[in-house]
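Take 130 as the starting number for the sequence shown in our numbering and just add one per residue.
The structure appears right after this line, and notes come after that.
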Amino acid sequence: MRNYIFAPFAASLLLLLSPNSTAQTNTAPSILAKATVATPEEDNYDVKYVKIDLQATNTSTMIAGSSLTRAVVTAPSITEYYFELTSQLTIDSAHFNGQYLPVTQVNGFVNKIVLPAAL
């Protein structure tokens, strides 16, 4: 029988809209054309809760926001958290269990946070 690790985690992301956003140029690849999971590492956890908080005004094309993700690790363990976000948005920071961690864009929609310890 497979052992499952229950390890809730959260990553907060500050998002800033780039000048080349889809709302302004309509040149972004279609989300409908991408695979359900962009990288196999996304199958290592099961998302249970997502909260997205956006701030925008009618005086600027910039948006800011944060997201909170809670998930259960379904793999024996994970050392990296992979997630999807369009490259047209900039990630200012990631906050994981009280610690700021760097975010690396792997390719296209796929981003990665190296965790300080295996979950």
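Even for Gly, the Cβ is constructed at its ideal location relative to N, Cα and C.
Computed from a predicted structure; not experimentally measured.
Exposed or buried, which one is residue i when buried takes at least 16 other CB atoms within 10 Å?
{"i": "residue 229", "result": "exposed"}
{"i": "residue 178", "result": "exposed"}
{"i": "residue 207", "result": "buried"}
{"i": "residue 223", "result": "buried"}
{"i": "residue 220", "result": "buried"}
{"i": "residue 196", "result": "buried"}
{"i": "residue 200", "result": "buried"}
Give the C-beta separation of residue i and residue j to the nearest angstrom, bearing in mind that I take them to be a contact with Cβ-Cβ under 8 Å.
{"i": "residue 239", "j": "residue 209", "result": "Incorrect: roughly 11 Å between the Cβ atoms, too far for contact."}
{"i": "residue 203", "j": "residue 226", "result": "That pair is no contact at about 19 Å."}
Going by Cα to Cα distance, which pick from the options is closest to residue i?
{"i": "residue 191", "options": "183, 198 and 197", "result": "183"}
{"i": "residue 198", "options": "169, 168, 170 and 175", "result": "175"}
{"i": "residue 234", "options": "247, 186, 246 and 217", "result": "217"}
{"i": "residue 169", "options": "248, 246 and 241", "result": "241"}
So who's on the other strand from residue i, going by DSSP bridges?
{"i": "residue 197", "result": "180"}
{"i": "residue 234", "result": "240"}
{"i": "residue 175", "result": "201"}
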